[in-house]
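Asks: Here it is: the structure, laid out below.
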Amino acid sequence: MQTWRHSNDRRKWERAVVILESWKGCHIAYLAAKIERSYPKVKEWIILYKTKGLEALLEKKRQVDEGTIQRIEAKKGRLINLIHEPPQLSGINRTSWSLKSLAEAYQQKYSESISKTMISTYVKTEGYSIKRAKKVLTSRNGNGVFHSKTVRKMREMPCGTSRGMGLCNQHI
Numbered sequence: 000m001q002t003w004r005h006s007n008d009r010r011k012w013e014r015a016v017v018i019l020e021s022w023k024g025c026h027i028a029y030l031a032a033k034i035e036r037s038y039p040k041v042k043e044w045i046i047l048y049k050t051k052g053l054e055a056l057l058e059k060k061r062q063v064d065e066g067t068i069q070r071i072e073a074k075k076g077r078l079i080n081l082i083h084e085p086p087q088l089s090g091i092n093r094t095s096w097s098l099k100s101l102a103e104a105y106q107q108k109y110s111e112s113i114s115k116t117m118i119s120t121y122v123k124t125e126g127y128s129i130k131r132a133k134k135v136l137t138s139r140n141g142n143g144v145f146h147s148k149t150v151r152k153m154r155e156m157p158c159g160t161s162r163g164m165g166l167c168n169q170h171i
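The numbering of the sequence shown is numbering that gives the first Met the number 0, which starts it at 0 and goes up by one.
Have a look at this one:
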């Protein structure tokens, strides 16, 4: 319990303060104000500790029903399939995807909205990241498979103009 009391994890610290201070006889209203939680929540923690012990104070993740999990997995799969297509197939005039363009294309293709935040979260959980692309999927070959090509950033080279600040097309 002392380890929890000195923890950087706020949830553990709150519970440790409540249990340790309640043993010393502190009133629940004082403890609730101290940790900025409601009176019923503090009382619930004390009762939980008395009846079920320290393990009961560890919060469990909320339960998600199987239908929701399946819908999320289906969205992730559709999103990953969409990412592997060039934006032009969805009518977007870009060479690479952005969160906004992915949201628009997903809405258009699947008639279901998805936020940019959820796209970012789903993409990260699938092991992808949204960054500036160095490789871009381009044209299809005869089998319908996309080829990739390397995209190089153009550099602007200073010319021999005054102070080397001018730019010219011959060095780009």
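We treat Cβ as the ideally placed atom computed from N, Cα and C, and that holds for glycine. Computed from a prediction, not measured in an experiment: that's the story for all the values here.
(1) According to DSSP, is Glu20 part of a helix, a strand, or is it coil?
(2) Under the rule that 16 or more other beta-carbon atoms within 10 Å means buried, what is His170, buried or exposed?
(3) Please check the pair Leu57 and Trp44, which I expect to be a contact at CB under 8 Å, by giving their CB distance rounded to whole angstroms.
(4) Can you tell me whether Lys152 is buried or exposed, with buried defined as 16 or more other CB within 10 angstroms of its CB?
(5) I need the boundaries of the alpha helix (DSSP H) containing Asn80, first residue and last residue.
(6) Give me, in chain order, the residues of the same chain whose beta-carbon lies closer than 6 Å to that of Ser112; leave out the 5 immediate sequence neighbours on both sides.
(7) Looking at the unbroken alpha helix (DSSP H) that takes in Ala55, where does it start and where does it end?
(8) Alpha carbons only, please: which of Tyr48, Leu98, Ser37 is nearest the one belonging to Ser128?
(9) Can you find the residues in the same chain that come closer than 7 Å, C-beta to C-beta, to Ala125, ignoring five residues on each side of it along the sequence?
(10) Tell me whether the beta-carbon of Tyr38 lies closer than 7 Å to the beta-carbon of Ile46.
(11) For a quick check, are the C-beta atoms of Val41 and Val17 less than 7 Å apart?
(12) With respect to the alpha helix (DSSP H) encompassing Thr116, which residues constitute its N-terminal and C-terminal limits?
(13) With burial defined as no fewer than 16 other Cβ atoms inside 10 Å of the residue's Cβ, what is the status of Trp22: buried or exposed?
(14) In the DSSP assignment, find the alpha helix (DSSP H) that holds Arg61 and state where it starts and stops.
Replies: Short version:
(1) Residue state, collapsed to three classes: helix.
(2) The predicted model places His170 with a pLDDT of 40, which falls under 50 and marks its position as unreliable, so this point remains unresolved.
(3) Between Trp44 and Leu57 the Cβ distance is about 11 Å, and since that is not below 8 Å, they are no contact.
(4) Unreliable placement is indicated for Lys152, whose pLDDT of 39 sits below 50; no coordinate value is reported for it.
(5) For Asn80, the uninterrupted alpha helix (DSSP H) run begins and ends at 65–82, by DSSP.
(6) Answer for Ser112: Gln106, listed in chain order.
(7) Neither: Ala55 is in no alpha helix (DSSP H) and is coded neither H nor E.
(8) Here the closest residue by C-alpha is Leu98.
(9) It is worth fixing the name first, because residue 125 is Glu in this sequence and not Ala. Result list for Glu125: Lys75, Ile79, in chain order.
(10) In this structure, Tyr38 keeps its C-beta atom at 7 Å or more from the C-beta atom of Ile46.
(11) In this structure, Val41 places its C-beta atom within 7 Å of the C-beta atom of Val17.
(12) Counting along the chain, the unbroken alpha helix (DSSP H) around Thr116 starts and ends at 115–124.
(13) Result: exposed.
(14) Segment: none, Arg61 is in no alpha helix (DSSP H) and carries neither H nor E.
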